[in-house]
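In our numbering, the protein residues as written are 154 to 463. Note that beta-carbon positions come from the ideal geometry of N, C-alpha and C, so glycine has one too.
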C-alpha cells in the first residue's frame, strides 16, 4: 500500500487527492479529496499571462494543500498543471511560487499527456461496465480533451474550448445574448471538427464525461437538493436532457444560477459555457447519453505515482 498525493491545477480549479493505492489488488482508497476554485486562467486567453491576483489565489491554495499532504503522510506527490499553464509567458513565476509553497515543482503536461491521465482515471473502474470503444471527454476551464480507447488510449486530442475560455471570449452578457451563444457554439463546433481529425468520434460506443461542468449538468438533471457526488458518479444523463439543461442555464442570469443548490459558487459565471460544450459534443457523437464520472485526471495522476503506464 502506497499513500500518494495528486494535485491537478487547471484553468478554473485546483484539486487535491490523497489516496492509498494497492497495486497488487488494483484498488485506490480515497483518504482526502478537495477542490478550490482559483481561476488561474483568468484573462489568459486575452493577455497570454497569469494575472497577479490569480497567481496569488493559486499559491495560497498550494500552501493549504501542503498542510494536508504533510498531515496525511503522503509518500509521493505529483503536481500537474494543464491548459492555462501551457499558454502563458510568465510560467516561471507560477512554477517558482508552487515550488516554494508546496515543495514540489509543477509539471506542465501536454494535451496528449493530459488526455492519457484523464482516460486512465475515468476508465480503470469501468472495465466490463460499458460498451467499447469509450470516448472520454474532459471539459476543463481552458481546454477539452477527447480520448478514445478500449482498455488503452487509441487516439487523443486536446482543443482550446473550455468553460472559462468560452465565457471570456464570447458570453459577456448576463444572461448571454443569442448572437453570443451562436458565436460560442460556432467556436466549439470548429474545435470539435479539429478534434475529429485525430480522434474518430463516430467510433465511440460510450461517452464518459468528466469535470465540473459535466457533473453540474448531471446534478441539475437529477434535480439534486445539494451536490451529491455519490449520486452523480456513473449517472447516465440523456442527450436530450443535456440539451435542455444547456439551454436553461444559458437563459438564466447570475443570481438565478447562483440560487441553484448544487452549483459551486466558483462555477456560477462559467457553467453555461461548459454545458454548451457538452451539448455540442453530444450532437456530434453517435450516442444518446453521457455516463458521468467523478473520477478523472486526478485519479489518473494518483495512479501514475505507482504505475509507469496507469
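(request) Report the option in 365, 203, 223, 189 whose CA atom is closest to the CA atom of residue 445. (result) Taking the chain shown and counting its residues from 1, one reaches residue 445 at position 292. Nearest C-alpha to residue 445: 365.
(request) Given a cut-off of 8 Å, decide if residue 212 and residue 250 are closer than it, judged by their beta-carbon atoms. (result) For the purposes of this step, residue 250 is identified with residue 97 of the chain shown, where counting begins at 1. For the purposes of this step, residue 212 is identified with residue 59 of the chain shown, where counting begins at 1. Against a cut-off of 8 Å, the Cβ pair of residue 212 and residue 250 comes out as a contact.
(message) Does residue 189 come out as helix, strand or coil in the three-state DSSP assignment?
(response) Within the chain shown, numbered from 1, the residue matching residue 189 stands at position 36. Note: residue 189 maps to strand in three-state DSSP.
(request) Report yes or no: do the segment 390–405 and the segment 434–442 share at least 3 C-beta pairs separated by less than 8 Å? (result) Segments in contact, yes.
(request) Under 7 Å Cβ to Cβ from residue 355, same chain only, skipping five residues before and after it: list those, please. (result) Sequence index remark: in the chain shown, residue 355 carries index 202 (1-based). Correct list, in chain order: 439.
(message) Quick check on the burial criterion: 16 or more other C-beta atoms within 10 angstroms. Buried or exposed for residue 321?
(response) The residue labelled residue 321 in the question sits at position 168 within the chain shown. Its Cβ being crowded by 16 or more others within 10 Å, residue 321 is buried.
(message) Only counting the same chain, and skipping five residues up and downstream in sequence, which positions put a Cβ closer than 6 Å to that of residue 452?
(response) Residue numbering aside, residue 452 sits at position 299 when the chain shown is read from its first letter. Here the set comprises 274.
(message) Helix, strand or coil, according to DSSP, for residue 398 in the structure here?
(response) Residue mapping note: residue 398 aligns to position 245 of the chain shown, counting from 1. Residue state, collapsed to three classes: helix.
(request) Using a threshold of 8 Å, state whether the C-beta atoms of residue 185 and residue 155 are closer than that. (result) For this step, residue 185 is matched to residue 32 along the chain shown. For this step, residue 155 is matched to residue 2 along the chain shown. No, the pair does not count as a contact, with Cβ atoms beyond the cut-off.
(message) So, with DSSP's three-state summary, where would you put residue 293?
(response) Mapped onto the chain shown, residue 293 falls at position 140. The answer is coil: DSSP assigns residue 293 none of H, G, I, E or B.
(request) Could you tell me whether the segment 371–386 touches the segment 162–178, where touching means 3 or more Cβ pairs closer than 8 Å? (result) no
(message) Is the separation between the beta-carbon of residue 313 and that of residue 348 shorter than 8 Å?
(response) Against the chain shown, residue 313 aligns to sequence position 160. Against the chain shown, residue 348 aligns to sequence position 195. It is not a contact, given that the beta carbons lie outside the stated cut-off.
(request) May I ask which residues mark the beginning and end of the beta strand (DSSP E) holding residue 169? (result) In the chain shown, counting from the first residue as 1, residue 169 sits at position 16. Looking at the DSSP string, the run of the beta strand (DSSP E) that includes residue 169 is 166–175.
(message) If you reduce the DSSP assignment to three classes, tell me which class residue 266 lands in.
(response) Counted from its first residue, the chain shown places residue 266 at position 113. The answer is helix: DSSP assigns residue 266 an H, G or I state.
(request) Classify residue 404 as buried or exposed, calling it buried when 16 or more other Cβ atoms lie within 10 Å of its own Cβ. (result) What you label residue 404 is simply residue 251 of the chain shown in a count that begins at 1. Exposed, by the Cβ-count rule.
(request) Just tell me which of 402, 371, 353, 382 has its CA closest to the CA of residue 327. (result) One-based indexing of the chain shown puts residue 327 at position 174. Minimum Cα distance to residue 327 is reached at 402.
(request) Give, in chain order, every unbroken run of the beta strand (DSSP E) that is at least 3 residues long and sits entirely within the segment 412–461. (result) Listed in chain order, the complete beta strand (DSSP E) runs (minimum 3 residues) inside the segment 412–461 are 442–445.
(message) Please report the straight-line C-alpha distance between residue 168 and residue 317, rounded to a whole angstrom.
(response) The sequence position of residue 168 within the chain shown is 15, counting from 1. The sequence position of residue 317 within the chain shown is 164, counting from 1. Spanning the two alpha carbons is a distance of roughly 17 Å.
(message) Excluding the 5 residues flanking residue 158 on each side, which residues of the same chain have their C-beta closer than 6 Å to its C-beta?
(response) Position 5 of the chain shown, counted from the first residue, corresponds to residue 158. Excluding sequence neighbours, residue 158 sits near 171, 222, 227, 230.
(request) Inspect the beta-carbon positions of residue 301 and residue 392 and report whether they are closer than 8 Å. (result) By one-based count along the chain shown, residue 301 stands at place 148. By one-based count along the chain shown, residue 392 stands at place 239. No; because the gap between Cβ atoms is not below 8 Å, this pair is not in contact.
(request) Leaving out five residues on either side along the sequence, give the residues of the same chain with a beta carbon under 7 Å from the beta carbon of residue 255. (result) For this step, residue 255 is matched to residue 102 along the chain shown. Counting only Cβ-Cβ distances below 7 Å, and skipping sequence neighbours, we find 215, 218, 219, 232.
(request) Let me know the secondary structure DSSP gives residue 105 once reduced to three states. (result) Residue 105 falls outside the range modelled here, since the chain spans only 154 to 463, and no answer is possible.
(message) DSSP three-state label for residue 242, please.
(response) In the chain shown, residue 242 corresponds to position 89, counting from 1. Three-state DSSP puts residue 242 in coil, outside helix and strand.
(request) Just tell me which of 420, 381, 272 has its CA closest to the CA of residue 457. (result) Residue 457 sits at position 304 when you count from the first residue of the chain shown. Distance from the Cα of residue 457 is smallest, within the candidate group 420, 381, 272, for 272.
(request) Please work out which residues of its chain come closer than 8 Å, Cβ to Cβ, to residue 333, disregarding the five sequence neighbours upstream and downstream, and give them in chain order. (result) Taking the chain shown and counting its residues from 1, one reaches residue 333 at position 180. These residues qualify, in order along the chain: 323, 324, 325, 326.
(request) Can you have a look at residue 329 and say buried or exposed, based on whether 16 or more other CB atoms are within 10 angstroms of its CB? (result) As a working note, residue 329 is residue 176 in the chain shown. The residue in question, residue 329, is buried, as its Cβ has 16 or more Cβ neighbours within 10 Å.
(request) State whether the segment 425–434 contacts the segment 286–293, with contact taken as three or more CB pairs (one from each stretch) at a distance under 8 Å. (result) When Cβ pairs closer than 8 Å are counted between the two stretches, the segment 425–434 is seen to touch the segment 286–293, the count reaching three or more.
(message) Can you find the residues in the same chain that come closer than 7 Å, C-beta to C-beta, to residue 422, ignoring five residues on each side of it along the sequence?
(response) On the chain shown, residue 422 is found 269 positions in, with the first residue counted as 1. Only 320, 407 meet the Cβ criterion.
(message) Let's test the definition: count the other Cβ atoms within 10 Å of the Cβ of residue 240 and tell me whether it reaches 16, buried, or not, exposed.
(response) Walking along the chain shown from the start, residue 240 turns up at place 87. Buried, by the Cβ-count rule.
(request) On a CA-only basis, which of 298, 335, 166, 367 is nearest residue 415? Give me that one, please. (result) Here residue 415 refers to the residue found at position 262 of the chain shown. Looking at the Cα atoms, 367 is the closest of the given residues.
(message) Alpha carbons only, please: which of 245, 266, 270 is nearest the one belonging to residue 258?
(response) What you label residue 258 is simply residue 105 of the chain shown in a count that begins at 1. Comparing Cα positions, the closest option is 245.
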